[in-house]
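Under this note's numbering, the first residue of the sequence shown is numbered 30, with each subsequent residue one higher. Don't be surprised by glycine CBs; every beta carbon is placed ideally from N, CA and C. Okay, so here's the structure we're looking at.
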Amino acid sequence: MTILLYLLLGASAGLTAGLFGVGGGLIIVPALIYSFKLQGFAPEVLTHMAVGTSLAAMIVTSLSSIKAHQEEHAVQWKLFSIVSAGILVGAFLGAYTAVNLSGHFLQTLFGIFAIGVSAKMWFGFKVREGGRFPGKPLLVIAGVVIGGISSMFGIGGGTLSVPFLRRIGLTMQKAVATSAACGLPIAVMGSVSNMILGMGNQQLPDMTTGYVYWPAFIGIVVTSVFLARLGARLAHNLPADKLQKLFAILLVVVGVQLVI
């Protein structure tokens, strides 16, 4: 029964990611928090488990996404190689920061972040696009910030990296593709850090490696990859503006509940 729950979670996360163009972590993390609460896991570790498991699942979904974008030759690998150096550092720092926060405080921060993302989606805030291309030091610093925030909250980073990449002059297609590639080092460093930093915690349940809970990982991965493709196809046939506002409402509800 629990595996079925995770299969459904993976399906909904994948479908939502494909439909709304945001990382599945925004759905996976709060859903796992609620699921882990229902299973009676220790409140001190369940939020960390949700973040760590979300990051681990994103390794698989990122690889699938990168493959699709690479077929269109849209990933800017030279830019990726510079930004990812900062991302790796930031992803470790983000994971380290998260595991040293209380579960309740981390949950509250995620709720605030979700509300902020929902506001961006509802009002359509946009950064000025096509600016000057920065030098390597600034690209690395940007990677540290993107990797740190994304790893802390268990998300792929597209919410942060796509606006940044558009700001420095990439087309939307190339920004989305390169952002998808940037999600891989976030997921790898973030999940590995959560595995290592969580080892030895006596409050963790069975079938975990650090803060990664494998039954949830398997269930999410099995269905999310396929449903993300379906969601992407549906997105081309449904009114994007209305869908985006509906998802913004969902994020507000989730965010407020987590904060409260």
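Using CA coordinates, which residue listed in the options is at the minimum distance from residue i?
i, options, result
"Ser-113", "Ser-190, Gly-229 and Leu-199", "Ser-190"
"Ser-208", "His-133, Val-283 and Lys-107", "Lys-107"
"Thr-200", "Gln-105, Gly-53 and Leu-36", "Gln-105"
"Val-174", "Phe-162, Ile-278, Gln-231 and Leu-122", "Leu-122"
"Leu-259", "Phe-70, Thr-31, Ala-40 and Ile-32", "Ala-40"
"Gly-229", "Ala-204, Gly-239 and Leu-67", "Gly-239"
"Ser-180", "Cys-211, Ile-111, Ser-110 and Ala-71", "Cys-211"
"Pro-166", "Ile-111, Lys-96 and Pro-234", "Ile-111"
"Phe-307", "Thr-237, Leu-44 and Ile-95", "The chain is shown only over 30 to 289; residue 307 falls outside these bounds and no answer can be derived."
"Gln-231", "Val-221, Val-74 and Ile-88", "Val-74"
"Leu-256", "Asp-235, Leu-44, Leu-130 and Arg-195", "Leu-44"
"Phe-109", "Leu-33, Leu-194 and Ala-127", "Leu-194"
"Leu-67", "Tyr-35, Leu-84, Val-128 and Thr-126", "Tyr-35"
"Gly-69", "Asp-235, Phe-246 and Val-221", "Asp-235"
"Ile-178", "Val-250, Thr-126 and Ile-95", "Thr-126"
"Ile-289", "Phe-134, Val-128, Lys-271 and Leu-168", "Phe-134"
Under three-state DSSP, which class holds residue i?
i, result
"Tyr-240", "coil"
"Phe-152", "helix"
"Leu-117", "helix"
"Ala-71", "coil"
"Thr-31", "helix"
"Leu-61", "helix"
"Leu-130", "coil"
"Pro-166", "helix"
"His-98", "helix"
"Ala-103", "coil"
"Thr-200", "coil"
"Met-87", "helix"
"Leu-233", "coil"
"Met-228", "coil"
"Ile-184", "coil"
"Gly-54", "helix"
"Ile-111", "helix"
"Ile-249", "helix"
Apart from the five residues just before and just after residue i, which ones in its own chain have a Cβ nearer than 8 Å to its Cβ?
i, result
"Leu-287", "Pro-59, Ile-62, Gln-136, Thr-137, Phe-139, Gly-140 and Ala-143"
"Pro-214", "Ser-113, Ile-116, Leu-117, Ala-120 and Gly-176"
"Leu-280", "Leu-55, Ala-143, Ile-144, Val-146, Ser-147 and Met-150"
"Val-205", "Gly-50, His-98, Ala-103, Gly-187 and Val-191"
"Glu-101", "Gln-202 and Ala-206"
Looking at residue j and residue i, is the spacing between their C-beta atoms short of 9 Å?
i, j, result
"Ser-93", "Val-217", "no"
"Ala-86", "Ile-57", "yes"
"Ala-71", "Leu-226", "no"
"Asn-8", "Ala-148", "There is simply no residue 8 to check, as the chain begins at 30 and stops at 289 in what is shown."
"Gly-132", "Thr-90", "no"
"Leu-38", "Gly-248", "yes"
"Ile-88", "Pro-244", "no"
"Val-80", "Gly-219", "yes"
If I measure Cβ to Cβ from residue i and keep anything under 7 Å in the same chain, skipping five residues before and after, which residues do I get?
i, result
"Lys-203", "Ala-103 and Gln-105"
"Trp-151", "Lys-274 and Ala-277"
"Ile-170", "Gly-115"
"Phe-246", "Thr-82, Ala-85 and Ala-86"
"Val-251", "Leu-36 and Gly-39"
Give me, in chain order, the residues of the same chain whose beta-carbon lies closer than 6 Å to that of residue i; leave out the 5 immediate sequence neighbours on both sides.
i, result
"Gly-284", "Gly-140, Ala-143 and Ile-144"
"Tyr-242", "Met-78 and Thr-82"
"Leu-84", "Gly-183, Ala-216, Gly-219 and Ser-220"
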